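Colleague:
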Ligand SMILES: *Cc1c(COP(=O)(O)O)cnc(C)c1O
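In full-length UniProt numbering, the protein residues as written are 1 to 956.
As structure tokens, then:
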């Protein structure tokens, strides 16, 4: 018998009100569930499941749990340390008015923010339509044929574009040329990403030198349109020079400016990236915002990120789904070209709705107003005798004030205004949707106007005649139909109604931890003190964020057992990347730069090898044994074979097979003996919090997914936060942010210094309200719920991998593979049939093909667990009818699932099962009607269409 968890834990078992609301099963439910599992107490269950060798011996060092009201009050006092000034800093972040109808009905609406990534397309038609609108908007504004939805931020989008250029260009060069006037944070992230790949970033000193550099070999180039300091350059020649070198031109463009400027697709751009922040998402100290990437048709099959496409359902009706899925789902392991997984879906939905709300006329009028105000400001400054650095402008001007830049900027802050300090001698001003004539007057006074000048809001814009846009955009009816708020409200509601999110049913997705996103945790994200902060505002205006960052990092250290944490990475994949960079830099600093081998078990999530590849590491796969555990003999052999080149191992703990491996400490020791470091993927941290800490059982680095374990909602596929946690000797290699005044050995991995800063309050609230005892109870309840499901379903669907005593961790893999032979039914058929029963499917075919991985989380109450189990058993009974021959293998409720209302209401019913059976009548109280029947993925991939199809009436 294995030695398992020993310490008496009962003294930790007290907790406050909030934990009882967060955790689904009440005490009486728990007693019943334990009886079903055959365990005498929750504590006994933990002793049986968690290896004693890793069990924490002390409670986590966290402040005592606060009530919802107390936590909100405390967080408010932190928020109030931020100071909201009017920001004219620009540099990729602008003031914007979030339309109320969008803020309340999308950003603050659980029907939108608790949805999962739309892998199950039939229950995701609403958000898929919103994302198709996003892609259409980006394609129209950039004049590019194809765009994804979405990227993490503009800087990482530019880095992904660089990588796309490198693998697509015919040029053999390793040089990437960057125009000197791009956003500094973009350049910083490019440098971080290029270094491990051995690519050289070339930044010529001047505009002229840039064109000279383009005449030498390079694989790609990046320009900004308009430039970071505001110039509107004609880049047509740059495109020609790139193409002459067999290189690709990447353009970072501003979507609002493109309503007035000739779009990049009309002058030769190959890839266009940018941020949609100013389309309705508050600055939020840097995120979350949706970035985008658009490219020419030739490159569409190597475009990173998610792509929504139009296909057909089983009835031949148009239906949406993620296109080219094999590429994304598996991220192609070591052949991966990108690791982006969780993206920025909710912000992309907001941006697309902002375009639907304003329409092309509204957006153009807004851009014109900004351009006129900017021109009026420029004229006024010139009249005061100031020299402007550029004679063209959209929303940004740069003023030459040698010797006075600091003075004026300081004076500006005293009057409540932030300007951009471009250099010692230059100041930048960017206007936006929120700017007024009064603001322009105020700015002119700052620059020496003796009295408040009159501002002509119709001043001619400083856009060169040759670059004024003549083509139309956003012609699709979706951008015209919803001008009244009534129509807009109903459109948003109608899309939400098509989708299944956590506000309707459990989403038992293994590895994804779809737990409660409590309303009290969500309330702070739209507080003005968090929302209206520019990421590059002076530090003394961001003291609230600094304190939030510091407290949250300290708590995460206590929880994980690590010494330091960075919250900069915008998703788990980015945390992996940052963690591997730290390991790489640590080896290099010790003169061991030959250590580039990264061991990864066969069962790993696809992002692991993808991240390793992006760090220039060589992936070596370690085998798993018949029980799903890492094969220790193979590990030993691989460590010996690569002893001199071993950089690290990446393991997920508990494993993606849903069990606590006893050998984890031994595994860490073997790798350490050979000079390697241990990366523990923290995606399954929901099975560990309060019970064991990776930093204490041998891990050197982990990333967490705050959008899994720490309650940030999934948003339909983002935003996320992927903190990277390290032991002491790796702390100097956490990502820095020179642009924000924090240089470090490893550069920035995100555009913004605190990453997706404005969603950090969610995780802060969760930890603050749960306290150490509540968090540990949550972990135990998650393990209890998983074991309850595994036990009750054992006779119907065996759990593939278990630990000693037949128990699992916080998730279980149901083995459906034998059903294929006995009935022809696949795991996918069961996933689709669950839709008829009103459920979101578990994780399909990961990590084992032909299986369903169920993770109920602690938040699901017993009655919902039972409803799910009963549905699974009812489906098993249906499969038995196929097995017995009562229903044919090709025509049965599983093969035809899901069933739409339209199918069931049709005059003629030609199936061997009844309409009532088709509708899963027993579940009528919870009935969800899918808007489409099963979707044909192959048709959509053969006929790739990734923008809103024009209704016939508009084509003629
Ligand atoms: C979710 C997950 C990831 C990726 O995290 P993202 O936030 O989607 O980038 C990595 N590893 C495992 C095991 C995961 O479950």
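Built from N, CA and C at the ideal position, the CB exists for glycine as well. Please read all numbers here as calculations on a predicted model, not as lab measurements.
Count the CB pairs spanning the segment 61-71 and the segment 809-829 that are closer than 8 angstroms, and state whether there are at least three.
Modeller: The segment 61-71 is not in contact with the segment 809-829.
Colleague: DSSP puts residue 600 in a beta bridge; with which residues?
Modeller: 621.
Colleague: For residue 872 and residue 247, I'd like the C-alpha separation in whole angstroms.
Modeller: So the two alpha carbons sit approximately 54 angstroms from each other.
Colleague: Among residues of its own chain, excluding the 5 on either side of residue 901, which ones have a beta-carbon nearer than 6 angstroms to its beta-carbon?
Modeller: Excluding sequence neighbours, residue 901 sits near 929.
Colleague: Beta-carbon separation of residue 273 and residue 149 under 8 angstroms?
Modeller: No.
Colleague: Give the C-beta separation of residue 337 and residue 304 to the nearest angstrom, bearing in mind that I take them to be a contact with Cβ-Cβ under 8 angstroms.
Modeller: Sure, about 6 angstroms apart at Cβ, within 8 angstroms.
Colleague: I'd like the list of long-range same chain contacts for residue 162, defined as Cβ closer than 8 angstroms, with 5 residues on each side in sequence excluded.
Modeller: Closer than 8 angstroms at the Cβ level, and outside the excluded window around residue 162, lie 176, 190, 193, 194, 199, 220, 222, 250.
Colleague: How far does the alpha helix (DSSP H) with residue 351 in it extend, from its first residue to its last?
Modeller: Per DSSP, residue 351 belongs to the alpha helix (DSSP H) from 345-383.
Colleague: What are the start and end residues of each continuous alpha helix (DSSP H) run of 4 or more residues lying completely inside the segment 147-186, in chain order?
Modeller: Whole alpha helix (DSSP H) segments, 4+ residues: 154-168.
Colleague: For residue 771, report the span of its beta strand (DSSP E) as first-last.
Modeller: That residue, residue 771, is in no beta strand (DSSP E); its alpha helix (DSSP H) goes 760-793.
Colleague: Measuring CB to CB, does residue 892 end up less than 8 angstroms from residue 882?
Modeller: Cβ distance < 8 angstroms, so residue 892 and residue 882 count as in contact.
Colleague: Using alpha carbons as the reference points, say which of 803, 568, 763, 619 lies closest to residue 746.
Modeller: Ranking 803, 568, 763, 619 by Cα distance to residue 746 puts 568 first.
Colleague: How big is the Cα-Cα spacing for residue 947 and residue 308?
Modeller: The straight-line gap from Cα to Cα measures roughly 8 angstroms.
Colleague: Please classify residue 758: is it buried, with 16 or more other beta-carbons within 10 angstroms of its beta-carbon, or exposed?
Modeller: Label assigned to residue 758: buried.
Colleague: How long is the line joining the alpha carbons of residue 292 and residue 836, rounded to whole angstroms?
Modeller: Whole-angstrom Cα-Cα distance: 35 angstroms.
Colleague: What residue range is occupied by the uninterrupted beta strand (DSSP E) comprising residue 648?
Modeller: Where residue 648 is concerned, the enclosing beta strand (DSSP E) stretches over 646-652.
Colleague: Looking only at its own chain, which residues have a Cβ that is under 8 angstroms from the Cβ of residue 165, when we skip the five neighbours before and after it?
Modeller: Around residue 165: 176, 219, 220, 247, 248, 250, 270, 271.
Colleague: Between the segment 612-630 and the segment 596-603, do three or more beta carbon pairs fall short of 8 angstroms?
Modeller: Taking 8 angstroms as the limit for Cβ pairs, the verdict is that the segment 596-603 does touch the segment 612-630.
Colleague: Let me confirm a value: residue 360 is counted as buried when at least 16 other C-beta atoms fall within 10 Å, else exposed. Which label applies?
Modeller: Buried, because 16 or more other Cβ atoms sit within 10 Å of the Cβ of residue 360.
Colleague: Specify which residues have a beta carbon nearer than 6 angstroms to any heavy atom of ligand 1, listing them in chain order.
Modeller: Cβ-based neighbours of ligand 1 within the cut-off: 341, 342, 511, 571, 572, 573, 605, 607, 652, 656, 681, 683, 705, 720, 722.
Colleague: Please identify the residue among 722, 384, 508, 694 whose C-alpha is closest to the C-alpha of residue 115.
Modeller: The candidate whose alpha carbon is nearest that of residue 115 is 508.
Colleague: Give me the Cβ distance between residue 622 and residue 601, rounded to the nearest whole Å; I'm assuming they're in contact under 8 angstroms.
Modeller: About 5 angstroms; that satisfies the 8 angstroms criterion.
Colleague: Can you name, in chain order, every residue of its own chain whose Cβ lies under 6 angstroms from the Cβ of residue 155, other than the five neighbours on each side?
Modeller: Within the same chain, residue 155 has close Cβ partners 185, 186, 189, 751.
Colleague: So, do the segment 445-465 and the segment 90-102 have three or more beta carbon pairs nearer to each other than 8 angstroms?
Modeller: Contact between the segment 445-465 and the segment 90-102 is absent, because fewer than three Cβ pairs lie under 8 angstroms.
Colleague: Just to confirm my understanding: we take residue 483, look at its own chain, exclude 5 residues before and 5 after, and list those with CB closer than 7 angstroms. What are they?
Modeller: Answer for residue 483: 359, listed in chain order.
Colleague: Just curious, the beta strand (DSSP E) that residue 473 is in, first and last residue?
Modeller: Note, residue 473: premise wrong, no beta strand (DSSP E); not H, not E.
Colleague: Using DSSP with H/G/I as helix, E/B as strand and the rest coil, what is residue 661?
Modeller: Of the three classes helix, strand and coil, the one that applies to residue 661 here is coil, per DSSP.
Colleague: Terminal residues of the continuous alpha helix (DSSP H) containing residue 240?
Modeller: It spans 236-244 - the alpha helix (DSSP H) in which residue 240 sits, taken as one unbroken run.
Colleague: Excluding five sequence neighbours on each side, which residues of the same chain lie with their C-beta closer than 8 angstroms to the C-beta of residue 329?
Modeller: Any reading at residue 329 must be qualified, since the residue scores a pLDDT of 45, below 50, and its modelled position is unreliable; the value itself is stated next. Only 119, 606, 846 meet the Cβ criterion.
Colleague: What are the partner residues of residue 547, as DSSP defines its beta bridges?
Modeller: None; residue 547 has no bridge partner.
Colleague: Locate the alpha helix (DSSP H) running through residue 222, then write down its first and last residues.
Modeller: First-last for residue 222: 220-225, but that is the beta strand (DSSP E), not the alpha helix (DSSP H).
Colleague: Quick one: is residue 888 buried, meaning 16 or more other Cβ sit within 10 Å of its Cβ, or exposed?
Modeller: Residue 888 comes out exposed.
Colleague: For residue 117, which of helix, strand or coil comes out of DSSP?
Modeller: Note: residue 117 maps to coil in three-state DSSP.
Colleague: When the Cβ atoms of the segment 378-385 are set against those of the segment 128-140, are three or more pairs found closer than 8 angstroms?
Modeller: No contact exists between the segment 378-385 and the segment 128-140.
Colleague: Go ahead and pull the three-state DSSP assignment for residue 731.
Modeller: Here residue 731 sits in helix by DSSP.
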